[in-house]
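Here the structure comes first, spelled out in structure tokens, and everything after it is commentary.
There are 2 protein chains.
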Amino acid sequence: MTPVAIDQQVNGHSSKLDKKPITTSKVASPGDEQLVLNTIRCLTADLCQQYKGGHPGTVMGAAAIGIALWRYEMRYNPLNPEWFNRDRFILSAGHACLFQYLFLHFSGYEAWTLDQVKNYHSPATKGSMAAGHPEIEYPGIEVTTGPLGQGISNAVGMAIASKQLAATYNKGDLKPIDNKIWCFTGDGCLQEGVGQESISLAGHLGLDNLILVYDNNSVTVDGRIDNCFTEDTSAKLTAQGWHVIDVYDGSNDLAAILEGFDKAKQLKGKPTFLNIRTVIGYSSRKANTGPAHGQALGDEEVAYVKTQLGFNPEDKFVIRSKAYEYFSECKSKGEQAEQEWNELFRQYQAKYPTEYSELNRRIKGEWASEGWQDLLPSKADLPHAAQPTRKSSGIVVQALVPKFNSFVAGSADLLESTFVSFKDQVEFQKPESGLGDYSGRQIRFGIREFAMVGLGNGIAAYQKGMFIPIMSTFFMFWIYAAPAARMAALQQLRFIGIATHDSIGIGEDGPTHQPVALASFYRALPNINLIRPADAEECMGMWTLALDDKSKNTPSIFALSRQPVPLLPGSDRSKVQLGAYAVHGSEIEDPQLTIIATGAEVARAIETAKQLKSVKKVRVVSMPSQRHFDQQSAEYKESVLKQSSSLVVAIEAWASYGWAKYAHASLSMHTFGHSAPQQQLYDYFGFEPDHMATKIDSWTTRWSNKGRLPGLGEFEELLLEHVQH
Amino acid sequence: MTPVAIDQQVNGHSSKLDKKPITTSKVASPGDEQLVLNTIRCLTADLCQQYKGGHPGTVMGAAAIGIALWRYEMRYNPLNPEWFNRDRFILSAGHACLFQYLFLHFSGYEAWTLDQVKNYHSPATKGSMAAGHPEIEYPGIEVTTGPLGQGISNAVGMAIASKQLAATYNKGDLKPIDNKIWCFTGDGCLQEGVGQESISLAGHLGLDNLILVYDNNSVTVDGRIDNCFTEDTSAKLTAQGWHVIDVYDGSNDLAAILEGFDKAKQLKGKPTFLNIRTVIGYSSRKANTGPAHGQALGDEEVAYVKTQLGFNPEDKFVIRSKAYEYFSECKSKGEQAEQEWNELFRQYQAKYPTEYSELNRRIKGEWASEGWQDLLPSKADLPHAAQPTRKSSGIVVQALVPKFNSFVAGSADLLESTFVSFKDQVEFQKPESGLGDYSGRQIRFGIREFAMVGLGNGIAAYQKGMFIPIMSTFFMFWIYAAPAARMAALQQLRFIGIATHDSIGIGEDGPTHQPVALASFYRALPNINLIRPADAEECMGMWTLALDDKSKNTPSIFALSRQPVPLLPGSDRSKVQLGAYAVHGSEIEDPQLTIIATGAEVARAIETAKQLKSVKKVRVVSMPSQRHFDQQSAEYKESVLKQSSSLVVAIEAWASYGWAKYAHASLSMHTFGHSAPQQQLYDYFGFEPDHMATKIDSWTTRWSNKGRLPGLGEFEELLLEHVQH
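Next comes the structure, spelled out in structure tokens:
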């Protein structure tokens, strides 16, 4: 039971880990800890080997960190994984999920039986929880990670959530929120831009409830990290406003890890970064190599590891009772912590009934009481002059955000342009900044779109339903945030994404800022609402849809115009949830032509309809959400589009991709955009009503001559040749 | 003609810029420089005011930096903007394009007349070059910027390109490549993750030909940067392996700027970061505020600025002859530099004819001589055992990359999994690392997907056609890189993107790693080839298509399988360029059913076709590229799909979005994926041939009973209910 000798050369620090016994000052039985370490290493080797795959190295190298976290440092109750004031643990290095699964098992999460852990990399058996990356659905998993770097942003979001709640609800010595956020990162997450954006913002905000644990094993899939990453990470984090603690032998020196963690919990004013050097694949001869990262060790090497660690190479999945005993007090400690908190919360209820009531409602995931829809102005009360839909959306921000503490709203440096600022807003800032305090609900994310949405996911996941983050930037830059928006959809986390300046309508900024294809991604993505309202009235419906309980598990992105659009006589907020409806000519029972349009193009479509010569019975359909339209009955769809008897054409200043499902033809963008004032761009790309009417007239004439509707393969893009000019 | 007094408080450094004359040790006439500075500030105010928009502040604040760059430091020939050995200037803060346009005008780029600069924010008049962000098409613009952060990555890419060429071709004292790469960045680009990823990698690589000029004005759209960004950037860059030079009064102290630049040009072993504090909107009373960043100053303030700077507020666009004279030697210096280089290159030709010949061919944008297709194995010589398409793609990497110096190939830490390593590869590394040298063509991008592709764009843009970067990661992580891939398509820069593990076929990694919707984005995006080959033979066609001259201005992404697929009897490399063709049953003239499939699903589609009971005459079409199929004639399309007479169904393990254009129904993914071995996932989601055959049989039976083909609105997703289990 002696660890193998391994030369460790990490970032210039060398230490000979030669048969060094594990050290800790906290407990009396270092022998037990060595047993636990060895058990976890052997188990890991077995678990990967049984499926000849997986990521053994990090678990074997960082096992002592896991002991420190689950056995000593973190506050949680394995018997009630959802206990509100628990510490949150986020495994940003999601591929090392086995690390988390094993410690959930040992610390007493009942669902995480050994059989369940053995499901790692297993068939899709019903009820299997041990996925290849940790998934939020399962006990003890706070957030789904895997795409590297995003776990750090989620953790920063959780730290914001906790700070914001504490500043809002904690009173004197009654502090129902005082937990810590622990994030475990590898080398990869620190290389990813989203990790760096998040680190920068966390340092700025001084989030001293956040502890970032760097498993610095300096090895990735492709081998030694010094082939691509040689910066001085500790110095960098210091420059970014973090406390930094270095630990030099994280595979053995439990005492140093514990000392570091204890210190991190005490440090104030800044988040803390623990740079813990470990040896990937520790105790295998593959230690310190790329293969230890992402491959099973192989039968021979598994046997070697077991022999080295005093286990019988013939026996698999061996856990001696002492190993379980070592973790036995996790449950009692957790139960006691929760009981003490329950008592505190009872006192809180007695002393602060109003705050208690709100907090308790929010813990249950309810953001508002009934009737919030009535806070929105009626159509008659909406501005009747043309205005941008981004501004109309802001009416709802003003109406709701100040009133409900569940909302936090912020922007990636476009607060006013995106209309997410609100009355009497307080910035979420460290009080010493003089700019705001931690009770603030307006977050300045900086020019960090990806981190913004990653943070939002963390805020939304902190206690599901407790927060609704509102986040904004130009629609084009939702491409920077797309990897995080996808993770929200995957995890069923609700956010509101404000995506303004949503087309060539942004004008002078030019093609780099004009989205053409991005909507296709969001429309194809499962479980996300991409809503593009035609006017202020549809903006009311859009918000109502996104905030309705039906959208509780679904993020929404609102694509909004920079340019003004008129309030349409036929628009109807109640129909946004249907995805599409006749906004003009609904009285026509047997249209010859149906024009579908979205957003700022709807008013143009109505103008176009009026100018048509070839057909007189024309309907215009506003389709703010393809996704919601798809969910309607066949009868409803036919009643709106009349596609079995009328020609259908779509008008949208984005790519035509996807429109063949709804229309026989489209007027679309065929190239990237251009730099010019928006009105001239609509002309330049062929979207002026008179031009569109000419195009449609010629097309409808052609098809009425044919005496049938176009079939598959006959979809046409009526502005295609317009590219040339 | 005295600058206004402004209190400057930047990152803790305070300096009173009170009527301080501009200082420089290099020239004799500081008065002229002050005139030039003032001229540029007044011109900027006028140029923005004429269209009541734009970004005046940076230009006014950083004008002295512009003087230093164009008048003193950079080597270029305004009379030949494409001179090969020129320094490259990249404006990462693309919204400040007026900065670049004005200095291109003053330094003598003939195309950049004052009238042309006045087109800034103008109508889309033909030939207008002064777009709202700089665009690569125009003289003196190396790369299109605007989406923040990416300019830094482009600059790092250019520095890599220059280093790699120098190491490859420079000989003794004959060095045809010895230029510098200058990148101008604002606060935003330094906050963006892609900027940080690129900075980290540039530091690692020790690119001492790169100078990053930070216009540290500490103000963004939303105001003072200290509301979200308070890190010590200089210390951070030091920690990341950069030389750092601080300049404290960049709006006036030209001497300090020049001293910094001179030093930066001499420093060795690391890239240099110049942290230059400036005052945004300098000389306006809006200086140091958010509005100075992105709004015209207003008539009154424009008049104030002019009065302050000794100009008549009534006169617009005033340029005194002394201002032009000041820049007059830029042309002669540039011409002389080019002539000297031409002489050097003649000597080089005489002494190193082989290297000269290759370099000269590459300068002209030709990567290979005729006949390179013959280097690929014939179908008979391809492995006949099933193998992953990622591995088949690697056959081409091995066949071509070692032979042609135009290729650089690398990965975001998945070199072996994506099969982009090649025989006798040398890593692109600083020689001191012991890992490689700058002649290396294998780049270790680290876990930085976005920067990888941003760098690739810089490499591709260095001298168009000179390099073809090959970059790889899992397909899912092409979502991290999507903002840069889009910029390649927009700029018509060719790269080869290797996107492996392209579906649920990745298996155990689970839903976070399984793309469902991403293909819809790339298919909708203009000017990019998303190619998903069915087998090794189609891999040959895919590479041939991407490397053909027809794709010279188009990036390609190859979606490749993790799992093995058989070599299909009917596959044909020559047909990949057609986008789709009958891979099975092509002899059937009148199919009852046509099945379209892509990638790894094609073999499953053929199996499914064989198991169908309801229809016997079934064709299977492989559609590796929707984009190329769209470009074919109506006749060809009908000949392949027979859609006017046969039912058409698509099989693809991605979302159905977009398939209604080609098929009456699809078998698609309707949710995110799952963690399990890939074969079980295909079953879990309904893609086993027997299950698909059952679904299709029931559907075709239904429609043959109806006696007609489905019309618009009758598109069906045949696995939709499969979500539920």
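Those protein sequence lines, which keep their order, are chains H and S.
The working numbering applies: residue 60 is where the first sequence begins, and numbers increase by one.
The working numbering applies: residue 60 is where the second sequence begins, and numbers increase by one.
Glycine included, each C-beta is placed from N, C-alpha and C at the ideal position.
If you scan the segment 464-515 of chain H from start to end, which runs of the alpha helix (DSSP H) of 4 or more residues do you find wholly inside it? none
Listed in chain order, which residues of the segment 300-334 of chain S have Cβ atoms closer than 8 Å to some Cβ of chain H? 300
Just to confirm, are residue 491/S and residue 499/S a CB contact at a threshold of 7 Å? no
Three-state secondary structure (DSSP) of residue 615/S: strand
Indicate whether at least one CB of chain H lies closer than 7 Å to the CB of residue 236/S. no
Local Cβ density within 10 Å of residue 75/S, reported as buried at 16 or more and exposed below that: The pLDDT assigned to residue 75/S is 34, lower than 50, so where the model puts this residue is not dependable, and the model offers no usable value.
Along chain H, in chain order, which residues have C-beta atoms closer than 7 Å to that of residue 295/S? 295, 298 and 299
Identify the contact partners of residue 153/S in chain H, using a Cβ-Cβ distance below 8 Å as the criterion. 571
Where residue 584/S and residue 359/S are concerned, what is the direct C-alpha to C-alpha distance, given to the nearest angstrom? 44 Å
If contact is defined by three or more beta carbon pairs under 8 Å, each pair taking one atom from either stretch, is the segment 207-220 of chain H in contact with the segment 521-530 of chain H? yes
Rounded to whole angstroms, what is the Cα-Cα separation between residue 130/H and residue 474/H? 44 Å
Does the distance from the C-beta atom of residue 605/H to that of residue 655/H stay below 7 Å? no
Going straight from the alpha carbon of residue 632/H to that of residue 428/H, what length do you get? 21 Å
Measuring only between beta-carbons, confirm whether residue 538/S sits less than 7 Å from chain H. yes
Taking residue 510/H as the query, report the chain S residues whose CB atoms sit under 8 Å from its CB, ordered along the chain. 252
State the DSSP-derived secondary structure class of residue 80/H, mapped to helix, strand or coil. Bear in mind that a pLDDT of 46 at residue 80/H, under 50, signals an unreliable position, so the number given afterwards is only what the model happens to contain. In this structure, residue 80/H counts as coil in the three-state DSSP scheme.
Any Cβ of chain S within less than 7 Å of the Cβ of residue 287/H? yes
Closest to residue 124/S by C-alpha separation, out of 181/S, 289/S and 315/S, would be which residue? 315/S
By the three-class DSSP mapping on this structure, what secondary structure does residue 633/S have? helix
Could you tell me whether the Cβ of residue 716/H comes closer than 7 Å to any Cβ of chain S? yes
On a CA-only basis, which of 171/H, 589/H, 229/H and 384/H is nearest residue 408/H? Give me that one, please. 229/H
Hey, how far is the Cα of residue 172/S from the Cα of residue 164/S? 6 Å
Beta-carbon contacts of residue 259/S that lie in its chain and below 7 Å, excluding the five residues immediately before and after: 299
Since residue 683/H and residue 340/H should fall inside the 8 Å C-beta cutoff, what is the C-beta to C-beta distance between them, to a whole number of angstroms? In fact, because the Cβ distance is near 53 Å, the residues do not count as touching under 8 Å.
Determine the closest residue to residue 305/H out of 644/H, 293/H and 196/H, with distance taken between C-alpha atoms. 293/H
Residues in its own chain within less than 8 Å of residue 87/S by CB, not counting five upstream and five downstream? Confidence at residue 87/S is low in this model, with a pLDDT of 44, below 50, so its placement is unreliable and the value that follows should be read with caution. Contacts found: none.
Secondary structure at residue 86/H, three-state DSSP: helix, strand or coil? Low local confidence applies: a pLDDT of 46 at residue 86/H is under 50, so the model's placement there is unreliable, and no value is given.
Nearest chain H C-beta to residue 683/S closer than 7 Å, yes or no? no
Could you please give the first and the last residue of the uninterrupted beta strand (DSSP E) stretch that includes residue 560/S? First-last for residue 560/S: undefined, no H or E at that position.
Chain S contact for residue 702/H (CB, 7 Å cutoff): yes
Straight-line gap, residue 176/S to residue 207/S (C-alpha atoms, nearest Å): 23 Å
Pick from 289/H, 146/H, 307/H and 567/H: whose alpha carbon is nearest that of residue 19/H? Since the first residue shown for chain H is 60 and the last is 784, residue 19/H is missing from the structure and cannot be characterised.
Name, going along the chain, the residues of the segment 457-474 of chain H whose beta-carbon falls closer than 8 Å to a beta-carbon of chain S. 470, 472, 473 and 474
8 Å contact criterion, which residue 550/H and residue 244/H should meet: CB distance rounded: Contact flag wrong, Cβ pair sits at about 19 Å.
Quick one: any contact between the segment 95-112 of chain S and the segment 353-370 of chain S, if contact means 3 or more CB pairs under 8 Å? yes
Is the distance from the Cβ of residue 564/S to the Cβ of residue 622/S below 7 Å? yes
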